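Reviewing the structure listed below.
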Amino acid sequence: MTKLSEENKYIKVSELSPNIRDINLLAKIVELGEIREVSNRNTGEEHKLWMF
Numbered sequence: 001m002t003k004l005s006e007e008n009k010y011i012k013v014s015e016l017s018p019n020i021r022d023i024n025l026l027a028k029i030v031e032l033g034e035i036r037e038v039s040n041r042n043t044g045e046e047h048k049l050w051m052f
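Note that full-length UniProt numbering has the sequence shown beginning at 1, numbered continuously upward.
Quick look at the structure:
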């Protein structure tokens, strides 16, 4: 696992990898797509998600 140093607490989305832990992330949403309805496989509960 990779941990970022105290002076480098922020990372760009393009620099993320699965082994990075303990980070703060700032992201700018440029465009929202359509809303998609999904259901939880275990409970059947419905949720709405914005697609990017």
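Ideal placement from N, C-alpha and C gives every residue a C-beta, glycine not left out.
Quantities reported herein were computed from a predicted structural model and do not represent experimental measurements.
Where DSSP assigns a beta bridge to residue i, which residues make up the other side?
| i | result |
| --- | --- |
| K48 | E37 |
Rank the options by C-alpha distance to the C-alpha of residue i and give the top, closest one.
| i | options | result |
| --- | --- | --- |
| R36 | K28, I29, L49 | L49 |
Grab me the residues of residue i's own chain with a C-beta within less than 8 Å of its C-beta, minus the 5 sequence neighbours each way, in chain order.
| i | result |
| --- | --- |
| residue 67 | Not covered by the structure: residue 67. The range shown for the chain is 1 to 52. |
Near residue i, what residues of its chain come up, given a Cβ to Cβ distance below 6 Å and the 5 sequence neighbours on each side ignored?
| i | result |
| --- | --- |
| L32 | W50 |
| S34 | The sequence shown places Glu at residue 34, not Ser. Closer than 6 Å at the Cβ level, and outside the excluded window around E34, lie M51. |
Leaving out five residues on either side along the sequence, give the residues of the same chain with a beta carbon under 7 Å from the beta carbon of residue i.
| i | result |
| --- | --- |
| E46 | E37, S39 |
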